[in-house]
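Participant: In order, the protein sequences belong to chains A and B.
Residues in the first sequence are numbered consecutively from 1, following the working numbering.
Residues in the second sequence are numbered consecutively from 1001, following the working numbering.
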Amino acid sequence: MVQSKKQKYTFLAFCLLPTFIMFAIFTLYPLFSGLYYSFFDWSGSSHVKEFIGFDNYIKLINDSIIPGTIIHDYFLVVTKVIGIMILAMFFAVALTQLKIKEAPFYRIVFFFPNIMSVVVIGILWTFIYNPSLGLVNSGLEYLGLDSWTRPWLGSEKWALPSLVLPSIWAGIGLFMLMLMGGIANVSKSYYEAAEIDGANEWQQFWKVTLPLVWPQIKISVLYIVITTLNGSFIIVQVMTGGGPNNATHVMGSYLYQQAFVQYNFGYGATIGVMILILSLITVLILQLLMRKEKVEY
Amino acid sequence: MSELLKRRGVLLFTAMLLLVFAAACSSDDKTSGESDDAGGEDGKISGELEIQYFVGGYGDSWWKEVISDFEDEYPDVEVVEQAGPNINDEMRSRWVANDPPDVVYIDGAGSSETQMVEDGQLMDLTDWVQDIELEGGDKLIDSFIVDPGKFDGDIYTLPLVFDTWGTWYDKALFEEKDYEVPTDFDSFMDSMEKIKDKEGIDPFVTSGEHPYYFLRGMLYPAFGAAGGDELLADVITGKEGAWTSDVVLDTMKKVEKMQKEGMFDSGLGALNHTQSQMNFLLHDNAYIPVGFWLPNEMENDIPDGFDFGFIPSPMQDKGEPYAIVPDLRPLAIAEEAKNPEAAKAFIEFAFTRDYAMSFSEHTGAIMNLTEVDLTENDKVPGYLTEANEMINDPDQVQIYEKPHPMSADLETPVGDALMSLMLGNMTAEEFTEAAEKAAADYRD
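(1) Give me whichever residues DSSP pairs with Asp1154 (chain B) in a beta bridge.
(2) Look at the alpha carbon of Trp1243 (chain B) and the alpha carbon of Gly1137 (chain B), and state the distance between them as a whole number of angstroms.
(3) Residues in the same chain with beta-carbon distance under 8 Å from Trp1293 (chain B), minus the five sequence neighbours each way, listed in chain order, please.
(4) For Leu133 (chain A), which three-state DSSP category applies?
(5) Between Val261 (chain A) and chain E, is any beta-carbon pair separated by less than 8 Å?
(6) Please return the same chain residues whose Cβ sits closer than 7 Å to the Cβ of Asn1368 (chain B), not counting the five positions on each side in sequence.
(7) Hey, out of A:Tyr57, A:Phe110 and A:Pro244, whose CA is closest to Gly1269 (chain B)'s CA?
(8) Please report the distance separating the alpha-carbon of Lys1260 (chain B) from that of Leu1421 (chain B).
(9) How many whole angstroms separate the CB atoms of Ser1207 (chain B) and His1273 (chain B), which I take to be in contact at a CB cut-off of 8 Å?
(10) Going along the chain, which residues of its own chain have a beta-carbon closer than 6 Å to the beta-carbon of Leu1232 (chain B), five neighbours each way excluded?
(11) Can you give me, in chain order, the residues of the region 1278 to 1291 of chain B that have a beta carbon less than 7 Å from any beta carbon in chain A?
(12) Using a Cβ-Cβ cut-off of 8 Å, state whether Gly1267 (chain B) counts as contacting chain A.
(13) Could you name the residues of the region 1104 to 1124 of chain B whose beta carbon sits closer than 8 Å to any beta carbon of chain A, in the order they occur along the chain?
(14) Which bits of chain B does Pro48 (chain A) rub up against, with CB to CB less than 7 Å?
(15) Using a Cβ-Cβ cutoff of less than 7 Å, which residues in the same chain neighbour Ala247 (chain A) once the five nearest sequence positions on both sides are dropped?
(16) For the ligand PLP, is there a heavy atom less than 7 Å away from the beta-carbon of Phe1306 (chain B)?
(17) Let me know if Ala184 (chain A) comes out buried or exposed under the rule of 16 or more other beta-carbons within 10 Å of its beta-carbon.
(18) Hey, out of B:Gly1149, B:Val1325, B:Pro1182 and B:Leu1249, whose CA is closest to Val1117 (chain B)'s CA?
(19) Count the other CB atoms within 10 Å of the CB of Leu28 (chain A); is the residue buried (16 or more) or exposed (fewer)?
(20) Looking at C-beta atoms only, is the number of pairs between the region 73 to 90 of chain A and the region 163 to 172 of chain A that lie closer than 8 Å three or more?
(21) Report buried or exposed for Gln237 (chain A), applying the criterion of at least 16 other Cβ atoms within 10 angstroms of its Cβ.
(22) Please report how far the alpha carbon of Ala1038 (chain B) lies from the alpha carbon of Leu1122 (chain B), in whole angstroms.
(23) To the nearest angstrom, report how far apart Thr74 (chain A) and Lys99 (chain A) are at their CA atoms.
(24) Who are the neighbours of Gln257 (chain A) on chain B, taking C-beta pairs under 8 Å?
(25) Can you give the Cα-Cα distance for Glu102 (chain A) and Trp125 (chain A), rounded to whole angstroms?
(26) Pick helix, strand or coil for Thr1274 (chain B), following the three-state DSSP scheme.
(27) Buried or exposed for Val221 (chain A), going by 16 or more other Cβ atoms inside 10 Å?
(28) Using a Cβ-Cβ distance under 8 Å, would Leu1219 (chain B) count as near chain A?
(29) Does the beta-carbon of Ala1024 (chain B) have 16 or more other beta-carbons within 10 angstroms, so that it is buried, or is it exposed?
(30) When we look at the beta-carbon of Thr1031 (chain B) and count the other beta-carbons within 10 Å, is it buried (16 or more) or exposed?
(31) Going straight from the alpha carbon of Gly272 (chain A) to that of Gly1382 (chain B), what length do you get?
(32) Do you know whose CA, among B:Gly1108, B:Lys1177 and B:Thr1183, lies nearest Met1390 (chain B)'s CA?
(33) Out of B:Ser1046, B:Ser1061, B:Phe1308 and B:Lys1239, which has the shortest C-alpha to C-alpha gap to Ala1439 (chain B)?
(34) Looking at Gly1228 (chain B) and Ser1313 (chain B), is the spacing between their C-beta atoms short of 8 Å?
(35) Starting from Lys101 (chain A), trace the alpha helix (DSSP H) both ways and give me its first and last residue.
(36) Just verifying my parser: in three-state terms, what is the DSSP assignment at Val261 (chain A)?
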């Protein structure tokens, strides 16, 4: 039976309209209201608010803490992308190519942190880093490296680097699975052909695996960047609260502090707008940098 | 037919979604007074009374008692309790929508008396409070230990809980090892030195994640002792030159000395308040600055034989009395209260010396009323009777009052710099410069 035009449009509307409405309520509306509130002096706790034009944006430019938060965010982005991609790629190749018998077990083990809430991960790692009882310092002491022990999260110098490890640990699993999916789709015949041509495992990885899973790598990197810029807030908030002395504040945690601790909701919204703009720019730049012809053999 | 029905179904579904969308986006402002259950007409107190109270270290048993007694006294009033450890955040949307509860107890994370007054959310109680009497006929306004905070001369809140920060130690440990309880800054340093040697621990701990524990617990009393109410008011309001003044610098030098001599727990930068308190209970440290609520808050984790001892933080010079700076937790009525008459009745009902006594029994803290004799009551913990006695003896303890709590906009940057000083990454001079800059930003 041929569908009439009307039927077709009704069906399309049926599919699109609810999604669009949900999108409008849960994404567009908060987005624009955030933008709207950034022009107000508002505590976020009362109905009284005053329109102040671009004052919050001027404050943002002059705020001496903001540059630090941006640097911290991009520090986490870079270290996470490098750490997660290298390890996830390594594990994915190992679990698919090396024919390890226990592969399914490792797959579960590596994926495990992904089903845990980031808050739980943060609390868990706070204990691991605890200066007196924690696994890290106890381990170092056990190894006779007493001079290496330090109050990891309580030091202005070491607190931020200490956040990288749990962030990577929490992220590997998902990207490992994505890459494994990509690798599994690479036809075995390519590897056989490469082997006949005399390519060793390393060359096979660089010349066959990597180019063929590039789309997955690209998506993974983008995903890590976006989730870090939007979500690194959680681990910071749970593990250090941005301290000591703002040494670990990322844009998101500083937004939270301004909006909900210091009662400057309008200014918090302004920081939110900054995060949005920086995320967009970053993603656009990454899209350009990672543009590569799709490889087919 | 079925075609038509299907199309109608789709239309209906779309219309419903649009309705949901419209409802979600529409403003939900309610006019105050919309509720028709407000009492107060012809003098009779009735209707619904909504009370918001934070449940923290003091628990909620005192509240339950007062509310239940109040309902017995006013059977026509139905009390709705909005209570819990996160109640301030949970009720925030109600305050934003201008639909607040009637009575609010301002305490705990997410609440700020200063912000609420600045936002015009609280009722001006200046005239009304003059007429309130306690059970014995004393005027309430003359019976506060510490008078209500004033904003431009007006009273918006009535201080219910008289809390104070001080320094805690384990009496049992001190008696066993013969450590002396410090009486001023010098003896404090001596005592910490001794403990450091004998116990092999960093003697002093506080929460690095919340530097205001040290600020309110140690520095406020230090500023009070060194410069009186005036200095305290100047640093809290961020007056120009206050933070860089010599008095403040001298005090910060003391903190610097504590840091240089290794008195601070080396890991305190990462500790939240519970972790620092746990460290203290486990004898990883010997001193901690917290308010009266500490024993109640850590009730389930107190090791056997641990005996809480409390002194006002010993930051003052030799020969000076201890200094304390009370930390008050007030009750207030919302400006947009739907049942202001019942709210007023409740506040009058709660402020009695009987309830002050039961408050100390329930919470281990003091209600802000004078002439409540705790000494005869064996349900009140020992540290409290001792502290109460000490506080009431002006030779031993001098009380300094702050004008109002420090705004979070000043406290946060000052706390950040303070943490840096305590971690040894800043000198006392650099700290005062940083705090002065924060005060300048705050004034702007």
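Glycine is no exception: its CB is placed at the ideal position from the N, C-alpha and C atoms.
Facilitator: Short version:
(1) The partner list for Asp1154 (chain B) (beta bridge, DSSP) reads B:Phe1151.
(2) If you take the alpha carbons of Trp1243 (chain B) and Gly1137 (chain B), they lie about 44 Å apart.
(3) Gly1056, Gly1057, Tyr1058, Asp1163, Thr1363, Gly1364 and Ala1365.
(4) Looking at Leu133 (chain A) - three-state DSSP - the assignment turns out to be coil, as it is neither helix nor strand.
(5) Among the protein chains in the structure shown, which are A and B, there is no chain E.
(6) Cβ neighbours of Asn1368 (chain B) beyond the five flanking positions: Phe1144, Ile1145, Val1146, Pro1159, Leu1160, Val1161, Phe1162 and Leu1328.
(7) Taking the Cα of Gly1269 (chain B) as reference, the smallest distance to any Cα among A:Tyr57, A:Phe110 and A:Pro244 is reached at A:Pro244.
(8) Approximately 10 Å between the Cα atoms of the pair.
(9) Contact between Ser1207 (chain B) and His1273 (chain B) holds: their C-beta atoms lie close to 4 Å from each other, under 8 Å.
(10) Cβ neighbours of Leu1232 (chain B) within its own chain (closer than 6 Å, five residues either side excluded): Phe1223, Gly1224, Tyr1400 and Lys1402.
(11) Flagged, chain order: Asp1284.
(12) Residue contact check for Gly1267 (chain B) against chain A: a CB pair falls below 8 Å.
(13) If the cut-off is 8 Å between Cβ atoms, the region 1104 to 1124 of chain B has Gly1110, Ser1112, Gln1115, Met1116, Glu1118, Asp1119, Gly1120 and Gln1121 near chain A.
(14) The sequence as given places Val at residue 48 (chain A); Pro does not occur at that position. Listed along the chain, the chain B residues whose CB falls inside 7 Å of the CB of Val48 (chain A) are Asp1119 and Gly1120.
(15) Within the same chain, and ignoring the five residues on either side of Ala247 (chain A) in sequence, the residues whose Cβ sits closer than 7 Å to its Cβ are Glu156, Ala159 and Leu160.
(16) Absence of the ligand PLP is noted for the structure shown, with no ligands found whatsoever.
(17) Exposed: under 16 other Cβ atoms inside 10 Å.
(18) Proximity to Val1117 (chain B) across B:Gly1149, B:Val1325, B:Pro1182 and B:Leu1249 peaks at B:Gly1149, based on C-alpha coordinates.
(19) By the C-beta density criterion, Leu28 (chain A) is exposed, having fewer than 16 other C-beta atoms within 10 angstroms.
(20) Yes: the two stretches touch, three or more of their Cβ pairs being nearer than 8 Å.
(21) Residue environment for Gln237 (chain A): buried (at least 16 other C-beta atoms within 10 angstroms of its C-beta).
(22) With a pLDDT of only 44 at Ala1038 (chain B), under the threshold of 50, the placement of this residue in the model should not be trusted; the figure read from the coordinates follows. If you draw a straight line from the Cα of Ala1038 (chain B) to the Cα of Leu1122 (chain B), it comes to about 18 Å.
(23) Note on identity: in this sequence residue 74 (chain A) is Tyr, with Thr being the wrong assignment. Rounded to whole angstroms, Tyr74 (chain A) and Lys99 (chain A) show a C-alpha spacing of 37 Å.
(24) For Gln257 (chain A), the chain B residues whose Cβ falls inside 8 Å of its Cβ are Thr1412, in order along the chain.
(25) Rounded to whole angstroms, Glu102 (chain A) to Trp125 (chain A) spans 27 Å at the Cα level.
(26) Thr1274 (chain B) falls in the helix class under three-state DSSP.
(27) Counting C-beta atoms within 10 angstroms of its own C-beta, Val221 (chain A) has 16 or more neighbours from the protein chains shown and is therefore classed as buried.
(28) Not a single CB atom of chain A sits nearer than 8 Å to the CB of Leu1219 (chain B).
(29) Reliability fails at Ala1024 (chain B), whose pLDDT of 43 lies under 50, so the model's placement of it is uncertain and no value is given.
(30) Here the model assigns Thr1031 (chain B) a pLDDT of 38, short of 50, so the residue's position is not dependable, and the following value carries that caveat. Around the CB of Thr1031 (chain B), fewer than 16 other CB atoms lie within 10 Å, so the residue is classed as exposed.
(31) Answer to the nearest angstrom: the Cα atoms are 50 Å apart.
(32) Nearest Cα to Met1390 (chain B) within the set B:Gly1108, B:Lys1177 and B:Thr1183: B:Thr1183.
(33) Answer by Cα proximity: B:Lys1239.
(34) No; because the gap between Cβ atoms is not below 8 Å, this pair is not in contact.
(35) Counting along the chain, Lys101 (chain A) falls outside any alpha helix (DSSP H), and DSSP gives it neither H nor E.
(36) In the structure shown, Val261 (chain A) sits in a helix (DSSP, three-state: H, G or I).
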